[in-house]
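So the structure is just underneath, and the comments pick up after that.
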Amino acid sequence: MHTIRALSIVFGFLAIGEAIVYFSGLKFPGSIIGMFFLFGALQAGWVKAAWLMQLVDVLMANLALFLVPPCVAVMSYLDLVAKDLLSIAVATLISTFAVMFVTGKTHEWLRKR
0 MHTIRALSIV
10 FGFLAIGEAI
20 VYFSGLKFPG
30 SIIGMFFLFG
40 ALQAGWVKAA
50 WLMQLVDVLM
60 ANLALFLVPP
70 CVAVMSYLDL
80 VAKDLLSIAV
90 ATLISTFAVM
100 FVTGKTHEWL
110 RKR
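Residue numbers (numbering that gives the first Met the number 0): 0 to 112.
In structure tokens:
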């Protein structure tokens, strides 16, 4: 029963995000907007993290299964990847370090509060 409630919450916020994109015409993924709203609901206390934990545990345990389709899709376009390998590698490295830096600064800022 807890899994059904958690799935309903997650898909409900996904639907809210998709509806916002559909009706507003935004050029932004609805799933990301829904995630922001879910984060806000968690921060406001409207949704309890404990309600989602069982679903999160299942999804994290099976995370590798979610990565198989994108990997297979990339293998279909190896010629394009090989052509732009240097730019892909540079972008990956820069974005990785940028995420690490921003995460560290955010953590420092939150710890000071």
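Quick reminder that beta carbons are idealized off the backbone N, C-alpha and C, glycines included.
_Comparing C-alpha positions only, which one of THR102, PHE100, ILE8 sits nearest to GLN53?_
ILE8
*asked:* Given this structure, state the Cα-to-Cα distance separating ASP83 from TRP108, to the nearest angstrom.
replied: 37 angstroms
_Backbone CA spacing between PRO69 and PRO28 [nearest angstrom]_ = 18 angstroms
*Could you spell out the range, first to last residue, of the alpha helix (DSSP H) harbouring TRP50?*
48-60
*asked:* Quick test of the definition: if touching needs 3 or more C-beta pairs under 8 angstroms, does the region 77-91 touch the region 30-44?
replied: no
*Using the C-alpha atoms, what's the distance from LEU64 back to ARG4?*
23 angstroms
*Note down the Cα distance separating THR2 from LEU85, rounded to an integer number of angstroms.*
43 angstroms
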